[in-house]
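Asker: Have a look at this one.
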Amino acid sequence: MNSLVSGLGRFGLAGVLALAGLAGMAEAQSRQPQRAAPAVIEANQPPPVSEITPLEITESGAARHLQLPLGKARIVRLPADVRDVLVADPAIADVVLRTPRIVYLLGRDTGATNAFFFDAKGKEVLRLEVHVDLDTASVQQALTQLLPDTSVKVTAVNRNLFLSGSVRSAVMSENARQIARRFVTGDENVVNLLAVVEDQQVLLQVRVAEVSRTVLKELGVTFQDQLGALGNTRNSAGNPFTTITSLNYANRLATFAGTLAPRFVANSFAFDRGDGDVLTLTINALERNGLIKTLAEPNLTAVSGETANFLAGGEFPIPVAADNGQIAIEFRSFGIGLNFTPMVLNAGRISMRISTEVSALSQSGAITLATISVPALTVRRAESTVELPSGGSLIIAGLIQDNFAATIDGIPGFKDLPILGQFFRNNSLTRTENELVVAVTAYLVRPVERQAMLLPTDGLPPPSDYDLYVLGRLHGMYAKPGSPSAPTALKGPIGYILE
């Protein structure tokens, strides 16, 4: 105890304070928490802002380039104490000096600027070139999560996003553009440079098949004239009968006077009284069965996203009104037409907008204007939007139609007589049945070599003079050697099989 007091006396008050300071420093160091080890960040995922490693500057007077996302911050550790900071454009990047050696750098607007850091003696500690662009890491992360099977790279220039790489379809390219659009202010700020590497040409086969059956039955008698007058028949006073104009039937008994002289007329029976007035009767006995088959199969190829048109037929003129009472001529197409716009989706599926038509000229419904006859059209048309896989078929339209018509023509009163009424009437029955089907098939196709294609004209040589004039053949019997339709030599054993 005496030694301790004597020691305090030698050190005095200054020694006591020094010892107390050392004890406090030791206690402060014991209370200071240990710094955690840096977190391991995967290379394919952008790290959170709180876990971004600070930019360490180890050498004074160095010049560094820094890419800073818009709206994000970066920590910079300096190698020496800094007193003054100079920022060329604070509207683009702002600098906060937290301590003499720790700087907070914030991106406020897109663009490029620079910042200079000086120590207390005015010596340059760091020159920093700062480029502030859009946050491509967030866009890249969204594309990776929403389109995992794509290889899209995002590059930011000013306020624009450039998408590069390759995708498998035009739909995936459009989806990537729509995702990037959510991170910019307008559509013009997204530049889509993605390349589509999969098959993007679609072959469409359309089959329009129709079968029509017609049944016609007719039996009866028709009169070819009208009942208009009693001719020269006179009454008992010698005066002729007056003309009866009210009995204007569809069939006419020419006259009742005179001697009825039977005279045969082709396809009918006529009775002539000798002065030219004839009573003509036609016996109708007809039964007709008709069958019509129509098959049209147009094929057309188009690039995904583009529209293709096809027409095999012709055009006919139609008169239309023009200025000053004149008549102009317009042409309308008819025949086999096809119009479609394909779009290749994911997993080889194809979405198509299809419009197909099969039309032909018809006199049913035709009109005549002055001396111009305008025909009508019989049309089979289908228009739809479908989705199907490559090589798949689908029926997009179908029709079953059954028409039945029955008529009875005859002389009123007479045609209703039992048994004898059959000689004064004509019975007609018509029935038409139609069945129409429109089927489509789509394929993803790619070009092939010319030698791998077979055309309808291949193997059809023109006839020689001998074939044409002597043998009466319209074409040569054999194609040139090497053509696909040329006869080939037999291979294998040749001869008869004997048992």
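In my numbering, each number is its position in the sequence shown, counted from 1, plus 650. Here a beta-carbon is modelled for each residue, glycine too, at the ideal position from N, C-alpha and C. Since the model is a prediction, treat every value here as computed from it, not as a measurement.
#1: Could you say if the segment 718-726 and the segment 754-768 meet the contact criterion of at least three C-beta pairs nearer than 8 Å?
#2: Where does Gln976 fall in DSSP's three states?
#3: Excluding sequence positions up to five away, which residues of its chain have a Cβ less than 7 Å from the Cβ of Ser816?
#4: Beta-carbon separation of Ser862 and Ile942 under 8 Å?
#5: Run through DSSP, which three-state label would Asn839 get?
#6: Under 8 Å: do the segment 1036-1044 and the segment 1077-1094 share three or more Cβ pairs, one atom per stretch?
#7: Buried or exposed: which applies to Gln679, given that a residue is buried once 16 or more other Cβ atoms fall within 10 Å of its Cβ?
#8: Taking one C-beta from the segment 1017-1037 and one from the segment 966-984 each time, how about it: are there three or more such pairs within less than 8 Å?
#9: Starting from Ser1012, follow the alpha helix (DSSP H) in both directions and report where the run begins and ends.
#10: Pick out the complete alpha helix (DSSP H) segments inside the segment 761-796, 4 residues or longer, and give them in chain order.
#11: Quick one: grab the DSSP three-state call for Ile933.
#12: Is there contact between the segment 1063-1076 and the segment 1097-1115, where contact requires at least three CB pairs shorter than 8 Å?
#13: Determine, using beta-carbon pairs with one atom in the segment 803-815 and one in the segment 766-780, whether at least three such pairs fall under 8 Å.
#14: Asp769 and Val737: beta carbons closer than 8 Å?
#15: Where does Asp1059 fall in DSSP's three states?
#16: CB-CB under 7 Å to Phe960, same chain, minus the five flanking residues each way: which ones, in chain order?
#17: Please report how far the alpha carbon of Glu824 lies from the alpha carbon of Phe984, in whole angstroms.
#18: Give the straight-line distance between the Cα atoms of Glu1083 and Thr864, rounded to the nearest whole angstrom.
#19: Quick one: grab the DSSP three-state call for Glu1033.
#20: Using only CA atoms, which one of Val1036, Glu860 and Ala743 lies nearest to Thr991?
#21: Please report the residue range of the alpha helix (DSSP H) in which Val821 lies.
#22: Just the C-alpha distance for Met842 and Gly1048, rounded to the nearest angstrom, thanks.
#23: Across the segment 829-842 and the segment 1044-1064, are there enough close Cβ pairs to call them in contact, namely three or more that are closer than 8 Å?
#24: Under 8 Å, do Val1029 and Val858 count as touching if we go by C-beta distance?
#25: Fully enclosed by the segment 1062-1124, which beta strand (DSSP E) runs are 3 residues long or longer?
#26: Is it buried or exposed, Thr957, if we count other Cβ atoms within 10 angstroms and call 16 or more buried?
#27: Measuring straight from C-alpha to C-alpha, what distance separates Leu869 and Gly1015?
#28: Under the three-state reduction of DSSP, which class applies to Asn996: helix, strand or coil?
#29: Could you give the C-beta distance for Pro729 and Ile707, rounded to a whole number, given that I count them as a contact under 8 Å?
#30: Do you know offhand how far Ala962's Cα is from Pro1106's?
#31: Quick one, are the C-beta atoms of Arg1081 and Lys1065 less than 8 Å apart?
#32: To the nearest angstrom, how far is it from the Cα of Ala713 to the Cα of Phe767?
#33: What is the residue span of the beta strand (DSSP E) that Thr800 lies within?
#34: Using a threshold of 8 Å, state whether the C-beta atoms of Val840 and Leu811 are closer than that.
#35: Opposite Thr864 in the DSSP bridges: which residues?
#36: Might you give, ordered along the chain, the residues of its own chain that have their beta carbon closer than 7 Å to the beta carbon of His715, omitting 5 neighbours on each side?
Answerer: By the coordinates alone:
#1: Yes, since at least three Cβ pairs between the segment 718-726 and the segment 754-768 fall closer than 8 Å, the two stretches touch.
#2: coil
#3: Ser801, Leu844, Ala845 and Val847
#4: yes
#5: Collapsing the DSSP output to three states places Asn839 in a helix.
#6: yes
#7: Residue confidence for Gln679 is low, a pLDDT of 43 falling below 50, so the modelled location carries little weight; the figure read from the coordinates is stated next. Gln679 counts as exposed, since fewer than 16 other C-beta atoms from the protein chains shown sit within 10 angstroms of its C-beta.
#8: yes
#9: Careful: Ser1012 lies outside any alpha helix (DSSP H), inside the beta strand (DSSP E) at Arg999 to Leu1019.
#10: 786-796
#11: strand
#12: no
#13: Verdict: no, contact absent.
#14: no
#15: strand
#16: Pro948, Leu950, Gly987 and Leu988
#17: 37 Å
#18: Looking at the two C-alpha atoms, the distance is approximately 6 Å.
#19: strand
#20: Measuring C-alpha to C-alpha distances from Thr991 to each of Val1036, Glu860 and Ala743 identifies Val1036 as the nearest.
#21: Residues Ala820 to Arg831.
#22: Here residue 842 turns out to be Asn, not Met, going by the sequence shown. Approximately 42 Å, taken between the alpha carbons.
#23: no
#24: no
#25: 1075-1095
#26: exposed
#27: C-alpha of Leu869 to C-alpha of Gly1015: approximately 27 Å in a straight line.
#28: helix
#29: Between Ile707 and Pro729 the Cβ distance is about 5 Å, and since that is below 8 Å, they are a contact.
#30: 16 Å
#31: no
#32: 11 Å
#33: For Thr800, no beta strand (DSSP E) encloses it, and the DSSP letter there is neither H nor E.
#34: Going by C-beta atoms, Val840 is nearer than 8 Å to Leu811.
#35: Gly940 and Thr1082
#36: Glu779
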